[in-house]
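K.L.:
Submitted below is the structure of interest, expressed as structure tokens.
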Amino acid sequence: MKYHYYPGCSLEGTAREYDQSTRALLAALDVQLADIEDWTCCGASAAEAISGLLALALPAHNLALAERQSDSMDVLVPCSACYLNLKTVAEKMRSDAPLAARINAVLGAEQLHLKGRLRVRHLLDVLATDVGSAAICARVVRPLTGLRIAPYYGCQCLRPYADFDDPEMPTSMEPLIRAAGAEVFPWKMGGRCCGASHMSTQREVGTALVAGILEAAHGADAVVTVCPMCQMNLDAFQGPAGRAAGKDLHINVLYLPQLIGLALGLDTPSLGLQMNLSFDAALMGSATVAA
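Structure, rendered in structure tokens:
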């Protein structure tokens with residue numbers, strides 16, 4: 001298996017551990033990544049406030065770069081916001097010919113042209129669909145026996161494109177968690193919003209949403225996610241959320257590749273666990289013994 005790899009800005013900044021653990025896990029699973037050369041920001045959520053065309057041209061620029069390298073590989077994206085932006089323009093290029101022509105007119109300034117041949121895939125989709133739980137289970141050397149893991153998907157990897165899971169009742173992480181030897185913590189918060197950027201713009205709203213998710217995770221050993229924004233909110237704001245709720249809401253919030261990587265015997269530094277703000281090895285038991 002080989003994929004174009006688009007890390008996006010967060011994975012080179014506040015979510016470097018997500019990039020590091022993704023690369024380490026996929027290498028251990030014999031999945032090859034080809035970095036998109038000269039990739040740029042996908043526009044995040046800011047570009048659309050300036051220009052709808054800009055919000056499409058920025059991710060289209062990255063897909064055109066990938067297509068120029070090879071049009072025979074899917075594009076793997078770990079960040080849910082980046083995934084949504086790249087996925088949106090890929091879908092629009094196939095369904096709206098006049099818009100596709102406008103986008104290509106913008107790309108022409110850099111001698112690029114997007115044909116729209118590439119499929120954009122979220123990391124979770126690739127792990128659940130292409131790699132599969134059986135292949136992961138076969139490589140487990142340190143099963144996470146006894147750990148109860150709450151799978152948290154967030155919004156953008158599921159909505160509005162329900163390509164690989166049900167956005168209202170997502171389950172795609174569950175076989176992967178079980179393959180790692182852990183138990184799936186039963187809850188109904190997997191597809192709820194964490195508040196996203198409201199944590200910066202409307203702190204009370206964001207804090208209440210985070211508190212609700214962390215309260216519902218009581219009894220789990222860790223929450224596992226696949227979104228940098230979700231991980232940041234649930235990881236960094238446990239203190240304010242706990243004070244608002246009047247409870248101790250401390251819990252490990254890991255990226256899915258970090259969890260699976262532990263089961264495959266990858267050591268703590270290679271998975272970037274030391275960069276997780278609230279990480280507490282004691283709460284993970286013997287799973288985090290450094291190799």
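Using this note's numbering, you'd call the opening residue of the sequence shown number 1 and step up by one each time.
Glycine included, each C-beta is placed from N, C-alpha and C at the ideal position.
Owing to the predicted nature of the structure, the values given are computational and were not obtained by experimental measurement.
Using the DSSP secondary-structure output, state which residues sit across from N252 in a beta bridge.
P.N.:
Beta-bridge pairing links N252 to A222.
K.L.:
With distances taken from CA atoms, which of L25, S278 and G146 is nearest V131?
P.N.:
Of the candidates L25, S278 and G146, the one whose C-alpha sits nearest the C-alpha of V131 is L25.
K.L.:
Can you check whether the CB of L118 is closer than 9 Å to the CB of L53?
P.N.:
No, these two residues do not count as a Cβ contact at 9 Å.
K.L.:
Between the stretch 121-128 and the stretch 194-203, can you find at least three pairs of beta-carbon atoms closer than 8 Å?
P.N.:
The answer is no - the stretch 121-128 does not touch the stretch 194-203, with fewer than three Cβ pairs under 8 Å.
K.L.:
According to DSSP, L63 sits in a beta bridge with which residue or residues?
P.N.:
DSSP lists no partner for L63.
K.L.:
Which whole runs of the alpha helix (DSSP H) in the stretch 88-136 are 4 residues long or more, in chain order?
P.N.:
Fully enclosed alpha helix (DSSP H) runs of 4 or longer: 97-107.
K.L.:
Helix, strand or coil: which one does DSSP assign to E174?
P.N.:
Helix at E174.
K.L.:
From A291 to T268, what distance separates their C-alpha atoms?
P.N.:
With a pLDDT of 40 at A291, under the threshold of 50, the predicted position of this residue should be treated as unreliable, though the coordinate-derived value follows. Distance between the alpha carbons of A291 and T268 is about 8 Å.
K.L.:
Throw me the rounded Cβ distance for the V223 and V184 pair, which I believe falls under 8 Å.
P.N.:
Actually they do not touch by this definition, with Cβ atoms about 12 Å apart.
K.L.:
For Y5 versus Y255, is the C-beta distance shorter than 9 Å?
P.N.:
Not a contact, by the Cβ cut-off of 9 Å.
K.L.:
Could you work out which residue in Y153, V31, Y3 and L262 is closest to A180 when comparing CA atoms only?
P.N.:
The shortest Cα separation from A180 among Y153, V31, Y3 and L262 belongs to L262.
K.L.:
Quick one: any contact between the stretch 199-213 and the stretch 224-239, if contact means 3 or more CB pairs under 8 Å?
P.N.:
Yes: the two stretches touch, three or more of their Cβ pairs being nearer than 8 Å.
K.L.:
Excluding the five sequence neighbours on either side, which residues of its own chain have a C-beta within less than 8 Å of the C-beta of L133, listed in chain order?
P.N.:
According to the sequence shown, residue 133 is Ser rather than Leu. The answer, listed in chain order, is P175, L176, R178 and A179.
K.L.:
Quick one: give me the first and last residue of the alpha helix (DSSP H) that I338 is part of.
P.N.:
A question about residue 338 goes unanswered here, because the residues of the chain that appear run from 1 up to 291.
K.L.:
Looking only at its own chain, which residues have a Cβ that is under 8 Å from the Cβ of A34, when we skip the five neighbours before and after it?
P.N.:
Answer for A34: K2, Y3, H4, Y5, Q69, S70 and M73, listed in chain order.
K.L.:
Buried or exposed: D165, going by 16 or more other Cβ atoms within 10 Å of its Cβ?
P.N.:
That one is buried.
K.L.:
Compare the Cα-Cα distances from A15 to each of S80, Q32 and D38 and report the closest residue.
P.N.:
The shortest C-alpha separation from A15 is found at S80.
K.L.:
CA-CA distance, L158 and P167?
P.N.:
One C-alpha to the other measures close to 5 Å.
K.L.:
Restricting to Cα atoms, I'd like to know which of L76, A101, W39 and S45 is closest to Q32.
P.N.:
For the residues L76, A101, W39 and S45, the minimum Cα distance to Q32 belongs to L76.
K.L.:
For D38, tell me which candidate among A28, E67 and T22 has the shortest Cα-Cα distance.
P.N.:
The residue with the shortest Cα to Cα distance from D38 is E67.
K.L.:
Taking the continuous alpha helix (DSSP H) assigned at A19, which residues delimit it?
P.N.:
Ala is not the amino acid found at residue 19; the sequence shown has Asp there. Residues R16 to A28.
K.L.:
Alpha carbon to alpha carbon, what distance is there between G13 and C41?
P.N.:
Near 12 Å, if we compare the C-alpha coordinates of G13 and C41.
K.L.:
Can you check whether the CB of A60 is closer than 9 Å to the CB of L107?
P.N.:
In this structure, A60 lies closer than 9 Å to L107 by Cβ.
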